[in-house]
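**Q** There's a structure below that I have some questions on.
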Amino acid sequence: MAVWQFVINLIPASAARIAGVNAARMSRTQLDEVVLALPIAEANALFAKLDMLLPEKPRSYTGLRVWGDEPADDIQVSFDEQYIEEIQVRFDVADISLPLIGGVCDLARHFDCVFATPEGAIIQPSREAVIRTVLQSDGAHFVQDPQGFIENAVRLDREDR
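Counting from 33, one number per residue, gives the positions in the sequence shown under the working numbering.
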């Protein structure tokens, strides 16, 4: 992942509910235990929707398909013979694509999913929620002020020693 990208994974909405309440955050341990497990029978519908959002890259691995451009916007789908195991989306914060965000939100709602960031934030699949989170991300801070972002990272590293 590039520093100017914002990463989210689709997870089942049910996995982000605790006692019937939508979680705002999950721990890394909790997220690691979540399995997407969409039936492989849904793959054709999923892939058709992704084809409308970004061009697919040539396949180089069994069990992995990629749409888009790795240093910019891309979507990676991991799967096996039975399940779609993971859907990861990376947005280029320097060139935010509102149609892509909207399409990914539609996709998440279609499969009854929400988004999870690597840090554990849970984002409901709405354009507004995703854009708000993207604009508050490290990627957005880097794009707005690369020098300041790097200086702050160096300062934080020194404080951690």
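Backbone N, C-alpha and C define an ideal beta-carbon position, used for all residues, glycine too.
(1) So, helix, strand or coil for Leu86, using DSSP?
(2) Based on DSSP bridge pairs, tell me the residues matched to Val162.
(3) Would the beta-carbon of Ile155 be found less than 6 angstroms away from any heavy atom of the ligand MN?
(4) Buried or exposed for Ile50, going by 16 or more other Cβ atoms inside 10 Å?
(5) Based on DSSP bridge pairs, tell me the residues matched to Arg122.
(6) Please return the same chain residues whose Cβ sits closer than 7 angstroms to the Cβ of Leu68, not counting the five positions on each side in sequence.
(7) Tell me the DSSP bridge mates of Cys145?
(8) Can you tell me which of the three DSSP states Ala51 falls into?
**A** Inspection of the coordinates gives the following:
(1) Leu86: coil per DSSP, three-state reduction.
(2) Residue pairing for Val162: DSSP places it in no beta bridge.
(3) You won't find the ligand MN in this model; it holds no ligand whatsoever.
(4) Classification for Ile50: exposed.
(5) Note: Arg122 sits in a beta bridge opposite Val39 and Asp106.
(6) Counting only residues of its own chain and dropping the five nearest sequence neighbours on each side, Leu68 has a CB closer than 7 angstroms to the CB of Leu42, Ile43, Pro44, Ile116, Glu117, Glu118 and Ile119.
(7) DSSP output for Cys145 lists Pro44 as bridge partner(s).
(8) Coil, per DSSP.
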